[in-house]
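Residue numbers (numbering that gives the first Met the number 0): 0 to 166. From the three backbone atoms N, C-alpha and C, an ideal C-beta is built for every residue, glycine too. Data first, discussion second: the structure below is written as structure tokens.
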Amino acid sequence: MVDSPETLFAPYMSKSLVNQTEMRILRDTGASIDLVSRKHINSKALTGGTLWIKQPLDKNLTCLPLAKTELQSHEFGKIVTKAAVLDAHIDSAVYLLGNRSSELIREQRKTPNSNVIVTRGQNLKKETEAVTVMRTHCQGAGRGKYSFFHRRRIISPFTAIGRGGHQ
0 MVDSPETLFA
10 PYMSKSLVNQ
20 TEMRILRDTG
30 ASIDLVSRKH
40 INSKALTGGT
50 LWIKQPLDKN
60 LTCLPLAKTE
70 LQSHEFGKIV
80 TKAAVLDAHI
90 DSAVYLLGNR
100 SSELIREQRK
110 TPNSNVIVTR
120 GQNLKKETEA
130 VTVMRTHCQG
140 AGRGKYSFFH
150 RRRIISPFTA
160 IGRGGHQ
């Protein structure tokens with residue numbers, strides 16, 4: 000029994016948004032650049048650049064236009080990359096993800112989420128911990144070089160009111 004292409008490629012398939020349209024994504028480890036059908040590209044996304052590609056079983060080179068493509072998924076967030084654009088009649092409703100975009104996704108996954116919110120309660124806790132740490136390090140210092148910390152009011156772990164702002 001011969002398996003269908005969907006069954007054979009299932010481990011390498013995922014779903015993501017391609018230019019705000021949900022598509023199946025096939026990871027192609029033999030491709031250096033992504034491939035997408037013209038049906039899924041807005042003409043404004045065309046960069047004006049072209050790319051010559053050669054298929055493994057074809058001696059001829061094919062010139063394809065390049066387009067800016069936005070990929071978005073809950074797994075990796077959003078990346079903007081370039082894809083070679085295939086004629087619309089070749090559309091298989093699959094976006095071929097090449098090595099370049101795969102590397103961008105890998106780097107995106109390494110980047111921590113910078114949209115973190117610090118609540119007032121968390122900020123107050125940090126301020127209190129900073130004062131405690133400063134007092135602990137300065138106890139027993141007497142009037143030595145660290146004694147000015149006792150007279151400062153810590154606003155955050157990294158800033159303090161000047162010597163005139165005694166607490």
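Within the same chain, Cβ atoms closer than 7 Å to the Cβ of residue 107 are found at 75, 76 and 78, the five residues on either side in sequence being excluded. By the neighbour-count criterion, in which a residue is buried when 16 or more other Cβ atoms sit within 10 angstroms of its Cβ, residue 70 is buried. Within the DSSP secondary-structure output, residue 52 pairs in a beta bridge with 61. In the three-state DSSP reduction, residue 118 falls in the coil class, being neither helix nor strand. Of the candidates 58, 2 and 32, 32 places its Cα closest to the Cα of residue 49. Non-local beta-carbon contacts of residue 37 in its own chain, meaning distances under 7 Å to residues more than five positions away in sequence, involve 84, 85, 86 and 87 in chain order. Residue 30 is positioned such that its CB atom lies closer than 8 Å to that of residue 95. Per the coordinates, the alpha-carbon of residue 2 lies some 21 Å from the alpha-carbon of residue 28. The three-state secondary structure of residue 68, taken from DSSP, is strand. Where residue 106 is concerned, the enclosing alpha helix (DSSP H) starts and stops at 98-109.
Shown here, residue 89 sits in a helix according to DSSP, grouped into three states.
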